[in-house]
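Okay, structure first, notes after.
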Amino acid sequence: MSHIRKSFDRRDFLRATAGTTVALAAASVTGAAATSAAAAAPSKLSIPKDRIGIQLYSIRDKVSALGFGVVLPELARIGYKEIEFAGYTQNTSILGRQITLPEIRTLLDDNGLSAVGSHVGIGNFRSNLQGELDAAQILGMPHVGTANAPTNVNTVAGYRAAADEFNVWGAAATARGLK
């Protein structure tokens, strides 16, 4: 990459987060309508302001191009509080090397953000379960997960085998206080 922008292009960022904005607006409208109609307790669809989060997969191009050092402070500035990771890498030309998990944790802490979970490729769990659990603990994440289907074998036997595998991972996560 010959030139990396060190700030967000608002239009690009807004396009990347439009889906989240629409979902939050719909939940707010639905919650407001239900509350006014019932004149009772707030709707279960209400989202507390301190719990608004974003899945970084939805802006993975920004993380890759600009890095966590630009993306995380900007997310905090516009009001996000919680982050779900979709991996922990960025373009190495930003730091001259890959960012470390403790560096990401420092960025989270410095910007008042909480890592609530991750979803990584199923191969990560199969090849490095303890490493994925270590990452969750370093980043303070209570949840770990995969973005992949448990099996490509769409049979009862295939799903039973996947369940057995997931149960092993679940037991390992539980042993470390994770879900």
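Those letters in the sequence shown? Residues 1079 to 1257, per our numbering, in order. The beta carbon of each residue, even a glycine, is placed where N, CA and C say it ideally should be.
Within the same chain, Leu1134, Val1149, Gln1168 come within 7 Å of Val1141 by CB-CB distance, once the 5 residues on both sides are set aside. In the DSSP assignment, the residues bridged to Thr1224 are Val1198. By the Cβ neighbour-count rule, Val1222 is buried, with 16 or more other Cβ atoms within 10 Å of its own. In the three-state reduction of the DSSP assignment, Ile1161 falls in the strand class. In the three-state reduction of the DSSP assignment, Gln1208 falls in the helix class, which pools H, G and I. Fewer than three beta-carbon pairs drawn from the segment 1173-1182 and the segment 1198-1205 are found closer than 8 Å, and the two stretches are therefore not classed as touching. In this structure, the straight-line span from the alpha carbon of Asp1128 to that of Ala1235 is close to 43 Å. Sixteen is the threshold: when 16 or more other Cβ atoms of the shown chains lie within 10 Å of the Cβ of Ile1137, as they do, the residue is buried. Out of Phe1146, Ile1132, Ala1143, the CA that lies nearest to the CA of Lys1159 is found in Ile1132.
Just so you know, the alpha carbons of Glu1152 and Leu1144 end up roughly 11 Å apart. Bridge pairing for Ser1171: absent [DSSP]. Secondary structure note for Gly1190: it is in no beta strand (DSSP E), with a DSSP letter that is neither H nor E. Selection Ile1130, Lys1257, Pro1126 evaluated against Gly1195 yields Lys1257 as nearest (Cα-Cα). Ranked by Cα distance from Ala1154, the options Ala1164, Ala1240, Asp1187, Phe1163 are led by Asp1187. Under DSSP, Gln1133 shares a beta bridge with Glu1162. Collapsing the DSSP output to three states places Gly1236 in a helix. In the three-state DSSP reduction, Pro1126 falls in the coil class, being neither helix nor strand.
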